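Step one of this worksheet: look at the structure below.
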Amino acid sequence: MKEEKCKVSENINIKGKYYSMKIETAYIAKKSRPGNFVMAAVSTASDPLLKRPFGIFRAAPPFIWLYYEVVGKGTELLSQKKKGDFLTLLGPLGNSFPGLENKNILLVAGGRGIAPLFYAAEDYVSRNNLFLIYGAKSAADLNLLDKLEALNMTGTYFYTDDGSAGKKGFVTTDIREIIETQKIDLTISCGPEAMFKSLNGELKGLDVENYASLEAIMGCGFGICYSCAVKSAAGDYKKVCADGPVFRLEDIEW
Ligand SMILES: Cc1cc2nc3c(=O)[nH]c(=O)nc-3n(C[C@H](O)[C@H](O)[C@H](O)COP(=O)(O)OP(=O)(O)OC[C@H]3O[C@@H](n4cnc5c(N)ncnc54)[C@H](O)[C@@H]3O)c2cc1C
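Structure, rendered in structure tokens:
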């Protein structure tokens with residue numbers, strides 16, 4: 099990992115509170131693997147003081163892309179960055195998704211959880227049969243559909259809670275059936291905590307490996323401050339930043 103002062107190449111409002119930012123960052127772009135994240139110094143002033151974590155959405159040296167949702171002060175400041183502005187990033191951080199070949203992989207994305215899974219999809223698609231379940235609250239939260247279509251995955255399934263796009267339901271609605279009919283070997287998921295809880299219940303007893311990329315409130319990003327600790331199923335605590343963000347789903351206490 100390294101701290102780099104990077105140049106913002108573009109910062110596009112995709113729709114509503116969702117943005118995509120392209121950043122020139124030679125070191126991080128070269129070193130990053132799908133699943134890694136960066137800590138971004140969203141302000142040069144003292145508020146907010148702490149950097150904010152974002153999964154890497156795409157990387158093509160010397161650029162990386164972030165896909166982010168504006169939820170508070172830090173992400174609001176990020177959304178105001180313009181082409182040519184500088185942004186200090188620390189990264190790449192965390193572990194990465196497993197290296198896979200000739201597998202039937204099911205990606206499961208909830209809302210902005212699509213960000214690190216998109217990077218994984220670009221990496222996996224040529225060597226595996228790739229399937230995606232992508233769900234969000236409503237059509238306003240379901241983005242990147244053209245980019246996902248361009249990846250030409252073996253199967254895609256879209257859901258919204260209110261039925262305004264895709265099928266009405268949750269990412270878990272048909273998951274057992276999809277796993278059985280598509281002979282899925284493993285799932286890789288990213289989304290809100292409620293989604294993981296529900297997934298953990300649905301996937302119990304099935305003969306599939308399950309990986310989950312977690313979000314947590316994070317202070318440092320590299321294992322010093324313990325603010326991102328989560329309880330493991332074994333009863334000890336894991337740091338999302340340094341032990342993760344990718345864990346076996348069943349290794350976490352939900
Ligand atoms: C490893 C990792 C990868 C992430 N990747 C992405 C990504 O690709 N795109 C994206 O939009 N967001 C991502 N997040 C979440 C993002 O870091 C938070 O949304 C952001 O830090 C909020 O900052 P803020 O100042 O705008 O909000 P704040 O004002 O700090 O908080 C606003 C709301 O967001 C919640 N929140 C704050 N920080 C986090 C956090 N770290 N995780 C979850 N909820 C948080 C708060 O509880 C509060 O409800 C990721 C988080 C982690 C830990």
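In this text, residue positions in the sequence shown follow this note's numbering: the first is 99, and each later residue adds one. Virtual Cβ for every residue (Gly too), placed ideally from N, Cα, C. It should be emphasised that the depicted structure is a prediction, and the values quoted were computed from it without experimental measurement.
Selection from the options that minimises the alpha carbon distance to residue i
i, options, result
"F229", "S177, L240 and F256", "F256"
"M293", "Y232, L148, S177 and S107", "Y232"
"L187", "V106, S296 and A332", "V106"
"G299", "G333, G253, G261 and I350", "I350"
"M119", "T142, L148, K179 and M99", "K179"
"C318", "M137, N193 and L198", "M137"
"K103", "D183, M251, N111 and K201", "D183"
"P132", "K266, R274, P214 and G261", "P214"
"K181", "T270, N111, G209 and T252", "N111"
"A331", "F216, V223, M251 and R346", "R346"
"D356", "P290, E291, F320 and E278", "This structure cannot speak to residue 356, because the chain is shown only from 99 to 352."
"E275", "E307, L301 and R156", "L301"
Residues bridged to residue i (per DSSP)
i, result
"V269", "DSSP lists no partner for V269."
"P151", "M137"
"G233", "G208 and Y257"
"S330", "I350"
"M119", "N109 and L164"
Local conformation of residue i per DSSP, three classes
i, result
"T142", "coil"
"E108", "strand"
"A53", "Nothing in the structure corresponds to residue 53, since the chain is present only between 99 and 352."
"A127", "helix"
"I276", "helix"
"P68", "One cannot answer for residue 68 here, as it falls past the ends of the chain, which runs 99 to 352."
"I282", "coil"
"N241", "coil"
"N227", "strand"
"A248", "helix"
"K171", "helix"
"L188", "strand"
"V262", "According to the sequence as given, residue 262 is Ser; it is not Val. Note: S262 maps to coil in three-state DSSP."
"S296", "helix"
"E291", "helix"
"L176", "helix"
"A340", "coil"
"A314", "coil"
CB contact below 8 Å: residue i versus chain C
i, result
"I276", "Judged by its chain identifiers, the structure shown contains no chain C, having just a single protein chain."
- Query: If we count Cβ pairs, one from each stretch, closer than 8 Å, do we get three or more for the region 124 to 132 versus the region 156 to 176?
  - Reply: yes
- Per the contact definition of three or more C-beta pairs closer than 8 Å, is the region 108 to 117 in contact with the region 170 to 177? yes
- May I ask you to verify whether the region 312 to 326 touches the region 243 to 259, counting CB pairs closer than 8 Å and requiring at least 3? no
- At a cut of 8 Å, does the region 336 to 351 reach the region 301 to 321 through at least three beta carbon pairs? yes
- Query: Between the region 215 to 230 and the region 140 to 148, do at least 3 Cβ pairs fall closer than 8 Å?
  - Reply: No, they do not touch.
- Do the region 196 to 208 and the region 276 to 293 touch if we need at least three Cβ pairs shorter than 8 Å? yes
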